[in-house]
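In mature numbering (1 follows the signal peptide of the UniProt record, and there is no 0), the protein residues as written are -27 to -1, 1 to 392.
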C-alpha cells in the first residue's frame, strides 16, 4: 500500500515520461527544467503517478484522436516543487499551457500571483461546463481560474461481517455512529474505528467533517461547537473507540488497520475502492451526518491554464476534451477511482451500479467549502496538530480547541483575513 495524502497523491519521483500514445505524446525527462521550452504543441505540468498517470495516458488518446497534429508534452514535476515553479513564471513570463495543481492548498496563492489565466469566459460559454457543479469552478474576485474534473474525498467504510454480528446497520448520523461504536467497544472483540489522526493534513481532513456537519469550517472556527467536537474526539479515545496510536496514523495506516478485518469502521477515501472491491465484507456509506448534514472537503487536482500561454484557446479545448468530457471522466474513474464532478455522470451505469462508489458520488455534490486564503495549509496544520494531541492525550479537548481556534484565526489574518 503506497502512502497517500488525503488531497492528492504525493510523489517525490523524478520527472518521467509517459509512454508515447500513437506517436503524439512527447516525452519529458530529467529534472523538469525543460518544462518551459518552446513546443509545437501544448505543454502540461503535473505531479502525480500511479493510477492517475495511467488515466492521463488513456485520456490523452481522446485528444490525439481529435487533434492528431497537436502533440502534447507532459512534464512531471515533483509535488513539492510545482507551486514554486509555477509562481516563478510571474517573473519569467513563461510556463505551461496547462497545469494540474493541488487546488485546495495552492489556489489562493497561485490566483493571487497572477500565474493562472482567467477562465471565466471559457467557463461561461462552455457546454461541457454546464454539466459541472458550481463548486467545480474555483474563483478569485469572481473570476474562474481553475476547474476540477474529478475529486477525491472521504467516506465511511464498514465491515459488514462485524455489523451483522452485532445486528447493526450502517450509521447515517453521528449519533448512530457513536452508538454503533459503543456496542462494538463494549464487547471488546473488535476495534470500533480506524481513522487518520496524525498531525498535519491527515488528522485535519478526518476530523473536520464533524465540524462541517455542524456548520463550522475554517472561516468561522470559533465557539462552543469547536469545543464540543474536540470533547467528542476525547471521548472516542477514552472509551476505546480509536486507539491512541491513531495520533500517528495517516490514511494508508488507517486503511491497513481496517483492511485487516478486525475493525468495524474506517474513515478513508475513494482511492481505496480498488482494495474494497476485492473484499465482499466491505461496505461504504457517506460520512455520518451532523445536524447540518453530511459534508466533507473535496480534494484532488485542479486544471488551470498558464497565464503566459500564447495558445489559451487550444489549452481550454484540451481541458474540455481530455478532462471535462464524459469520455475522459469515465476513463479517469475506471482507471484511477477518482470521482467525476460531472453531475450527469452520477446516473451512469459505471457509477450507478457500483454500490461502493455511490456514497462518494453523492458526497461530491454536497461538499464543505475551502477557505480562499493563502494560509489554508497553515490552518490545516494547526487543526491536524490539535487532533493528534487530543488522541494521544498530550492535550485536553479544551486546550486543543482553544489553541486551534487561536492559531487558525492567526493564519487567516496572515493570509489577508480573506475566506
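Just so you know, even glycine gets a beta-carbon here, dropped at the ideal spot from N, CA and C. Given the structure is predicted, the values throughout are model-derived calculations rather than measurements.
Residue interval of the alpha helix (DSSP H) (run including residue i)
| i | result |
| --- | --- |
| residue 217 | Element bounds for residue 217: n/a, residue is neither H nor E. |
| residue 249 | 246 to 250 |
| residue 223 | Element bounds for residue 223: n/a, residue is neither H nor E. |
| residue 63 | 55 to 65 |
| residue 196 | Residue 196 -> no alpha helix (DSSP H), and no H or E assigned at all. |
| residue 296 | It is not in any alpha helix (DSSP H) - residue 296 carries neither H nor E in the DSSP assignment. |
| residue 28 | 24 to 39 |
Contacting residues, own chain, Cβ-Cβ under 6 Å from residue i (five flanking each side not counted)
| i | result |
| --- | --- |
| residue 86 | 60, 63 |
| residue 134 | 254 |
| residue 81 | 345, 346, 347 |
| residue 319 | 334 |
| residue 297 | 101, 122 |
| residue 93 | 116, 117 |
| residue 358 | 172 |
Span separating the alpha-carbon of residue i from that of residue j
| i | j | result |
| --- | --- | --- |
| residue 279 | residue 107 | 22 Å |
| residue 376 | residue 390 | 18 Å |
| residue 222 | residue 175 | 8 Å |
| residue 364 | residue 245 | 24 Å |
| residue 304 | residue 69 | 24 Å |
| residue 163 | residue 248 | 21 Å |
| residue 201 | residue 181 | 13 Å |
| residue 144 | residue 95 | 42 Å |
| residue 67 | residue 58 | 11 Å |
| residue 103 | residue 228 | 36 Å |
| residue 460 | residue 109 | In the structure as shown, the chain begins at -27 and stops at 392. Residue 460 is therefore absent and cannot be evaluated. |
| residue 374 | residue 199 | 6 Å |
| residue 192 | residue 43 | 44 Å |
| residue 179 | residue 41 | 44 Å |
| residue 153 | residue 225 | 24 Å |
Close Cβ partners of residue i (< 7 Å) along its chain, the five nearest in sequence each way excluded
| i | result |
| --- | --- |
| residue 36 | 45, 291, 294, 295 |
| residue 384 | 348, 351, 352, 355 |
| residue 265 | 186, 187, 188 |
For residue i, three-class secondary structure by DSSP
| i | result |
| --- | --- |
| residue 50 | coil |
| residue 112 | strand |
| residue 309 | helix |
| residue 18 | strand |
| residue 314 | coil |
| residue 330 | coil |
| residue 151 | helix |
| residue 73 | strand |
| residue 241 | strand |
| residue 319 | coil |
| residue 347 | coil |
| residue 359 | helix |
| residue 391 | coil |
| residue 291 | helix |
| residue 105 | coil |
| residue -7 | Low confidence applies here, because residue -7 scores a pLDDT of 38, under 50, leaving its location unreliable; read the following figure in that light. Looking at residue -7 - three-state DSSP - the assignment turns out to be coil, as it is neither helix nor strand. |
| residue 90 | coil |
| residue 377 | helix |
| residue 117 | strand |
Nearest-angstrom Cβ-Cβ length linking residue i and residue j, presumed shorter than 8 Å
| i | j | result |
| --- | --- | --- |
| residue 340 | residue 269 | 6 Å |
| residue 371 | residue 355 | About 16 Å separates the two Cβ atoms, so there is no contact after all. |
| residue 277 | residue 119 | 5 Å |
| residue 316 | residue 28 | Their Cβ separation, rounded to whole angstroms, is 20 Å, which puts residue 316 and residue 28 out of contact at 8 Å. |
| residue 166 | residue 156 | At roughly 12 Å, the Cβ-Cβ gap does not stay under 8 Å, so residue 166 and residue 156 are not in contact. |
| residue 76 | residue 275 | 3 Å |
| residue 73 | residue 19 | 4 Å |
| residue 214 | residue 158 | 6 Å |
| residue 272 | residue 126 | 6 Å |
| residue 332 | residue 258 | 5 Å |
| residue 128 | residue 260 | 6 Å |
Delimiting residues of the beta strand (DSSP E) encompassing residue i
| i | result |
| --- | --- |
| residue 76 | Element bounds for residue 76: not the beta strand (DSSP E) but the alpha helix (DSSP H), 76 to 86. |
| residue 141 | Neither: residue 141 is in no beta strand (DSSP E) and is coded neither H nor E. |
| residue 131 | 127 to 132 |
| residue 166 | 164 to 167 |
| residue 257 | 255 to 258 |
| residue 275 | 274 to 278 |
Spatial neighbours of residue i in its chain, beta-carbon cut-off 8 Å, leaving aside the 5 residues before and after
| i | result |
| --- | --- |
| residue 231 | 130, 132, 167, 238, 239, 241 |
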